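Asker: Let me begin by handing over the structure; questions about it come next.
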Amino acid sequence: MNLNLYIKEGAIPRFFQILQKGFTMNVQVGCSIKDLFCGQFGVTSEYFEGRVQTIFLDGKPVDDANSAIVKSGSHIALSGAMPGLAGAILRKGGFYASMRSEISNREKVKAERLKEGVVFFKLFNLLLKDLGPHFLGRGLWIKGYDLERFFQKQSDDFWTGFCSAKLDGKDLFLEELISMKWPKRQIFLQVHFCE
Amino acid sequence: MDKILRINMEAKGGPVSSEGPMGEYAGLGGRALTSAIVSKEVPPLCHPLGQDNKLVIAPGLLSGTTAAMSGRISVGCKSPLTGGIKEANAGGQPSQVLARLGYTAIVLEGKPEDNKLYKVFINKEGVQIIHDNSLSMMGNYALVEKMISEYGDKISCISIGPAGEMKLAAASIACTDMELRPTRHAARGGVGAVMGAKGVKVIVLDDTGMKMRNPKNPDAFKEARMKWVEGLKKHPVTSEALPTYGTNVLTNIVNEAGAYPTNNFSSGRFDGASNISGETEAETEISRGGSATHGCHRGCIIRCSGIYNDKDGNYLTKQPEYETVWAHGGNCGIDDLDAIAMLDRLDDDYGLDTIEMGATIGVAMDAGLAEFGDAEAAIKLLKEVGKGSHLGRVLGNGAAVTGKVFGVERVPVVKGQAMPAYDPRAVQGIGVTYATSTMGADHTAGYAVATNILKIGGDVDPLKAKGQVDLSRNLQIATAAVDSTGMCLFIAFAVLDQPETFQALIDMINAFYGLNLTADDVSELGKSVLKNERDFNTKAGFSKEHDRLPEYFKKVSFPPHNTTFQVKDEDLDNLFNW
Numbered sequence: 060m061n062l063n064l065y066i067k068e069g070a071i072p073r074f075f076q077i078l079q080k081g082f083t084m085n086v087q088v089g090c091s092i093k094d095l096f097c098g099q100f101g102v103t104s105e106y107f108e109g110r111v112q113t114i115f116l117d118g119k120p121v122d123d124a125n126s127a128i129v130k131s132g133s134h135i136a137l138s139g140a141m142p143g144l145a146g147a148i149l150r151k152g153g154f155y156a157s158m159r160s161e162i163s164n165r166e167k168v169k170a171e172r173l174k175e176g177v178v179f180f181k182l183f184n185l186l187l188k189d190l191g192p193h194f195l196g197r198g199l200w201i202k203g204y205d206l207e208r209f210f211q212k213q214s215d216d217f218w219t220g221f222c223s224a225k226l227d228g229k230d231l232f233l234e235e236l237i238s239m240k241w242p243k244r245q246i247f248l249q250v251h252f253c254e
Numbered sequence: 008m009d010k011i012l013r014i015n016m017e018a019k020g021g022p023v024s025s026e027g028p029m030g031e032y033a034g035l036g037g038r039a040l041t042s043a044i045v046s047k048e049v050p051p052l053c054h055p056l057g058q059d060n061k062l063v064i065a066p067g068l069l070s071g072t073t074a075a076m077s078g079r080i081s082v083g084c085k086s087p088l089t090g091g092i093k094e095a096n097a098g099g100q101p102s103q104v105l106a107r108l109g110y111t112a113i114v115l116e117g118k119p120e121d122n123k124l125y126k127v128f129i130n131k132e133g134v135q136i137i138h139d140n141s142l143s144m145m146g147n148y149a150l151v152e153k154m155i156s157e158y159g160d161k162i163s164c165i166s167i168g169p170a171g172e173m174k175l176a177a178a179s180i181a182c183t184d185m186e187l188r189p190t191r192h193a194a195r196g197g198v199g200a201v202m203g204a205k206g207v208k209v210i211v212l213d214d215t216g217m218k219m220r221n222p223k224n225p226d227a228f229k230e231a232r233m234k235w236v237e238g239l240k241k242h243p244v245t246s247e248a249l250p251t252y253g254t255n256v257l258t259n260i261v262n263e264a265g266a267y268p269t270n271n272f273s274s275g276r277f278d279g280a281s282n283i284s285g286e287t288e289a290e291t292e293i294s295r296g297g298s299a300t301h302g303c304h305r306g307c308i309i310r311c312s313g314i315y316n317d318k319d320g321n322y323l324t325k326q327p328e329y330e331t332v333w334a335h336g337g338n339c340g341i342d343d344l345d346a347i348a349m350l351d352r353l354d355d356d357y358g359l360d361t362i363e364m365g366a367t368i369g370v371a372m373d374a375g376l377a378e379f380g381d382a383e384a385a386i387k388l389l390k391e392v393g394k395g396s397h398l399g400r401v402l403g404n405g406a407a408v409t410g411k412v413f414g415v416e417r418v419p420v421v422k423g424q425a426m427p428a429y430d431p432r433a434v435q436g437i438g439v440t441y442a443t444s445t446m447g448a449d450h451t452a453g454y455a456v457a458t459n460i461l462k463i464g465g466d467v468d469p470l471k472a473k474g475q476v477d478l479s480r481n482l483q484i485a486t487a488a489v490d491s492t493g494m495c496l497f498i499a500f501a502v503l504d505q506p507e508t509f510q511a512l513i514d515m516i517n518a519f520y521g522l523n524l525t526a527d528d529v530s531e532l533g534k535s536v537l538k539n540e541r542d543f544n545t546k547a548g549f550s551k552e553h554d555r556l557p558e559y560f561k562k563v564s565f566p567p568h569n570t571t572f573q574v575k576d577e578d579l580d581n582l583f584n585w
């Protein structure tokens with residue numbers, strides 16, 4: 060199922076809840092994390108090096124995004140600069156990285172030929188507003204249950220930002236969207252700005 | 008700010024105050040001063056609630072000045088929770104106000120012979136100590152309202168709630184914020200119980216008619232202050248992450264790292280993390296007409312706090328911090344922000360340490376008193392503490408006592424104090440600090456301060472195995488020094504990454520006091536603080552066997568990484584060898 064939502068810009072941050080909980084995308088795997096974001100998603104190298112301060116691959120902090128290789132089924136989470144000792148310890152290549160050496164990503168995998176794969180992503184904090192609209196516009200897969208729960212949790216003010224929706228190319232009215240029972244399987248969601 | 012106010016609570020005829028010069032404590036502030044006074048004047052083997060213990064309340068070296076972020080206040084004593092020395096600090100207004108009134112410290116001494124309860128009022132005219140048993144068992148919120156009705160709204164308050172009066176080992180001392188709400192707490196180690204034992208319910212401060220403290224070298228101070236602010240404003244943590252999301256921004260990444268203690272430290276991942284993350288919390292606050300960006304005292308430019316309103320848009324509590332959200336949230340399996348905010352409100356009102364209480368309820372849940380994830384049950388348990396029921400008094404004495412009473416092995420404490428929100432099996436370097444800190448398990452004892460700039464103990468190779476102990480040692484030394492300045496620890500990243508910002512901090516101190524301190528001198532200050540604290544603890548009966556994590560951290564692996572704590576005891580024993 061393919062859901063296209065047209066939403067006023069002010070309501071977009073509500074969708075960040077979905078992005079921090081996690082979503083799936085079809086991408087070319089076999090490359091480094093940095094190549095994935097810069098080569099396939101169009102994130103600039105300057106932004107990636109400067110703004111993306113903490114990276115997890117399969118739940119393990121990454122120190123070098125150039126050598127950490129993405130495989131099909133990988134889980135990747137990105138964060139901006141974080142406070143506190145935990146922030147200092149977990150950030151890539153930080154002075155205090157040894158304080159979490161037991162859980163650091165140390166997998167030695169060489170880049171291979173690119174191929175189709177499915178990767179699970181999470182975006183956190185400062186990166187949500189920077190990259191969130193891009194990923195929402197590009198489209199992502201989330202579980203129907205999570206989508207249903209997301210819509211159920213929204214208060215009235217959220218729906219004032221709703222413009223229109225299409226489900227598999229057909230118009231979907233607001234009342235239908237709110238009360239819709241979504242199947243358990245993955246739904247492809249795209250969120251666009253409307254005037 | 009050149010005098011110490013001492014209040015003898017057991018003087019014949021009622022409490023008596025006296026003022027004296029700094030004397031041998033000259034040049035000290037904040038934690039350096041509280042630990043110096045406690046280690047010199049308090050018999051290490053005394054009962055923490057007895058007449059020989061002292062409660063020392065000290066602003067930082069730069070409090071009361073125009074230096075941004077200088078509003079932390081330190082509270083020191085022998086801890087009823089750990090049995091060792093304690094320094095707990097808080098934000099809010101009192102540090103600035105007390106410093107402008109000219110006091111480097113208030114020292115509460117002795118113990119009233121009767122059960123009388125007192126309020127202390129301090130303004131430019133002097134000190135009044137007033138018997139007022141009508142305040143008995145009043146919550147902090149109602150208490151502050153009463154003080155406003157009596158003394159006006161230009162005051163700030165340092166107070167205890169019912170938990171302090173009941174002398175519970177998890178009792179905190181509340182400091183009022185800019186809106187005169189009792190939301191900032193010197194929370195750890197049961198300092199509120201010591202204030203309760205002194206019979207002091209509230210200290211009301213009014214600095215009307217007093218001026219900002221003046222530096223010895225105004226031009227140099229102004230220049231350093233501007234560089235200091237510039238440094239804080241340009242760093243992404245202090246200019247963006249903290250103001251936008253507060254400290255709870257850590258929930259998602261600590262959870263992702265598999266280091267987020269869940270269901271009483273039984274695993275490192277919490278399914279409901281995104282429901283209680285800083286990102287969700289900020290969105291909730293804004294959508295309800297609260298605020299996600301708010302300072303806890305005047306002069307704060309990071310503004311990591313916020314205002315949390317209930318579903319109807321009415322004020323409920325300040326923005327619960329990361330540690331609070333974790334303790335009452337993931338650690339108890341609760342992913343309901345409104346329930347967590349209510350628990351935070353109750354903690355503030357009763358005067359309790361949110362970390363200790365969250366850990367305690369987690370242990371209680373492990374014991375079967377409630378199900379993990381049952382928010383209503385957690386609120387009921389906390390209300391038992393407020394009521395002072397037998398169960399409540401057990402819980403109010405913290406996780407260690409609760410674990411003993413209910414026969415729970417998995418009790419996450421060191422020296423009797425509950426661990427904060429990072430499991431040491433996943434982030435082992437923090438485990439070193441938990442184990443060896445003079446304070447008991449404490450994440451702020453070894454903060455991410457600029458040890459790489461300070462070069463304390465020489466250059467450290469963080470990639471060597473021994474590096475974790477070396478790093479923890481250096482962090483603890485640097486933190487002890489920063490705790491003495493009155494600076495908020497959230498300056499850490501800016502001074503960590505930007506040497507010029509760290510230099511600006513030293514330059515401010517030098518310009519203010521007419522000194523020529525170097526980074527080495529700052530290191531020496533940190534070392535001397537730790538030495539005082541360590542010596543006190545040794546005389547109080549602590550040995551290297553107390554510098555250990557509970558046994559299960561070495562034996563029980565921690566999912567998802569399935570690690571155990573690997574740092575050897577002999578390495579921990581070397582931490583204080585510098």
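The listed protein sequences derive, respectively, from chains A and B. Take 60 as the starting number for the first sequence in our numbering and just add one per residue. Take 8 as the starting number for the second sequence in our numbering and just add one per residue. We treat Cβ as the ideally placed atom computed from N, Cα and C, and that holds for glycine. Computed from a predicted structure; not experimentally measured.
According to DSSP, glycine 83 of chain B sits in a beta bridge with which residue or residues?
Answerer: Answer is B:Val63, B:Glu94.
Asker: Measure the alpha-carbon distance for lysine 240 of chain A versus phenylalanine 232 of chain A and round it to whole angstroms.
Answerer: Looking at the two C-alpha atoms, the distance is approximately 14 Å.
Asker: Quick check: is the beta carbon of tyrosine 110 of chain B nearer than 9 Å to any beta carbon in chain A?
Answerer: No, tyrosine 110 of chain B does not count as interfacial toward chain A.
Asker: Determine whether the beta carbon atoms of valine 201 of chain B and cysteine 311 of chain B lie at a separation below 9 Å.
Answerer: Cβ atoms of valine 201 of chain B and cysteine 311 of chain B: not closer than 9 Å.
Asker: Following the continuous beta strand (DSSP E) through threonine 113 of chain A, name the residue where it begins and the one where it ends.
Answerer: Segment 113-116, the beta strand (DSSP E) holding threonine 113 of chain A.
Asker: Alpha carbon to alpha carbon, how far is valine 439 of chain B from glycine 101 of chain A?
Answerer: If you take the alpha carbons of valine 439 of chain B and glycine 101 of chain A, they lie about 41 Å apart.
Asker: With DSSP as the reference, label valine 420 of chain B as helix, strand or coil.
Answerer: Here valine 420 of chain B sits in strand by DSSP.
Asker: Taking 9 Å as the threshold (beta carbon to beta carbon), is tyrosine 155 of chain A in contact with chain B?
Answerer: So, interface residue.
Asker: Hey, how far is the Cα of phenylalanine 497 of chain B from the Cα of aspartate 430 of chain B?
Answerer: Each residue's Cα considered, the two are about 21 Å apart.
Asker: For arginine 179 of chain A and leucine 249 of chain B, I'd like the C-alpha separation in whole angstroms.
Answerer: Note that residue 179 of chain A is phenylalanine in the sequence shown, not arginine. Distance between the alpha carbons of phenylalanine 179 of chain A and leucine 249 of chain B: 27 Å.
Asker: Would you mind stating whether alanine 487 of chain B and alanine 149 of chain B have Cβ atoms separated by less than 9 Å?
Answerer: Taking 9 Å as the Cβ cut-off, alanine 487 of chain B and alanine 149 of chain B do not qualify as a contacting pair.
Asker: If contact is defined by three or more beta carbon pairs under 8 Å, each pair taking one atom from either stretch, is the stretch 175-186 of chain B in contact with the stretch 82-98 of chain B?
Answerer: A contact exists between the stretch 82-98 of chain B and the stretch 175-186 of chain B.
Asker: Return the CA-CA distance between arginine 417 of chain B and asparagine 271 of chain B, expressed in angstroms with no decimal places.
Answerer: Each residue's alpha carbon lies about 8 Å from the other.
Asker: Can you find at least 3 beta carbon pairs, one from the stretch 182-189 of chain A and one from the stretch 256-266 of chain B, that sit closer than 8 Å?
Answerer: These segments touch.
Asker: Please report the residue range of the alpha helix (DSSP H) in which histidine 397 of chain B lies.
Answerer: Start and end: 397-402.
Asker: Please report the distance separating the alpha-carbon of leucine 461 of chain B from that of valine 536 of chain B.
Answerer: In this prediction, leucine 461 of chain B scores a pLDDT of 46, lower than 50, which makes its location untrustworthy; the coordinate-derived value is nonetheless stated afterwards. If I take the Cα positions, the gap works out to 16 Å.
Asker: Rounded to whole angstroms, what's the CA-CA distance from glutamine 213 of chain A to glutamate 207 of chain A? Just pull it up for me.
Answerer: In a straight line, the C-alpha of glutamine 213 of chain A is about 10 Å away from that of glutamate 207 of chain A.
Asker: Measuring straight from C-alpha to C-alpha, what distance separates methionine 5 of chain B and leucine 248 of chain A?
Answerer: For chain B, the structure presents residues 8 to 585; residue 5 of chain B sits outside this window and is missing.
Asker: Would you kindly work out how many angstroms separate the C-alpha atoms of glycine 238 of chain B and glutamine 505 of chain B, rounded to a whole number?
Answerer: Those two C-alpha atoms are separated by around 7 Å.
Asker: Using the three-state DSSP reduction, which class does leucine 524 of chain B fall into: helix, strand or coil?
Answerer: Leucine 524 of chain B: coil per DSSP, three-state reduction.
Asker: Could you please tell me which residues of the stretch 99-120 of chain A, in chain order, have their CB closer than 7 Å to any CB of chain B?
Answerer: From the stretch 99-120 of chain A, only Thr113, Phe115, Gly118, Pro120 have a Cβ closer than 7 Å to chain B.
Asker: At 7 Å on the CB atoms, spell out the chain B contacts of isoleucine 246 of chain A, in chain order.
Answerer: The premise fails here: isoleucine 246 of chain A is roughly 18 Å from chain B at the closest Cβ pair, so nothing lies under 7 Å.
Asker: Between which two residues does the alpha helix (DSSP H) carrying asparagine 259 of chain B extend?
Answerer: Looking at the DSSP string, the run of the alpha helix (DSSP H) that includes asparagine 259 of chain B is 257-263.
Asker: Output yes or no for whether 9 Å exceeds the beta carbon distance between histidine 450 of chain B and glycine 265 of chain B.
Answerer: No, the Cβ-Cβ distance between histidine 450 of chain B and glycine 265 of chain B is not below 9 Å.
Asker: Does the Cβ-Cβ distance between glutamate 31 of chain B and glutamine 58 of chain B come in under 9 Å?
Answerer: It is not a contact, given that the beta carbons lie outside the stated cut-off.
Asker: Please list, in chain order, the chain B residues whose beta carbon lies closer than 7 Å to that of isoleucine 148 of chain A.
Answerer: Chain B residues near isoleucine 148 of chain A: Val434, Gly436.
Asker: From valine 467 of chain B to lysine 234 of chain B, what does the alpha carbon distance come to, in whole angstroms?
Answerer: Below a pLDDT of 50, predicted positions are generally treated as unreliable, and valine 467 of chain B, at 48, falls in that range; the measurement from the model is reported next regardless. Looking at the two C-alpha atoms, the distance is approximately 28 Å.
Asker: On a CA-only basis, which of B:Thr545, B:Gln573, B:Asp226, B:Gly548 is nearest proline 557 of chain B? Give me that one, please.
Answerer: Nearest C-alpha to proline 557 of chain B: B:Gln573.
Asker: Listed in chain order, which residues of the stretch 508-522 of chain B have Cβ atoms closer than 9 Å to some Cβ of chain A?
Answerer: Under the 9 Å Cβ criterion, the stretch 508-522 of chain B contributes no residue.
Asker: So, using beta-carbon positions, are lysine 93 of chain B and asparagine 539 of chain B closer together than 9 Å?
Answerer: Contact flag unset, no.
Asker: Can you tell me where the alpha helix (DSSP H) with phenylalanine 75 of chain A in it begins and where it stops?
Answerer: It spans 75-80 - the alpha helix (DSSP H) in which phenylalanine 75 of chain A sits, taken as one unbroken run.
Asker: Could you give the distance in angstroms between the alpha-carbon of threonine 251 of chain B and the alpha-carbon of isoleucine 309 of chain B?
Answerer: Rounded to whole angstroms, threonine 251 of chain B to isoleucine 309 of chain B spans 10 Å at the Cα level.
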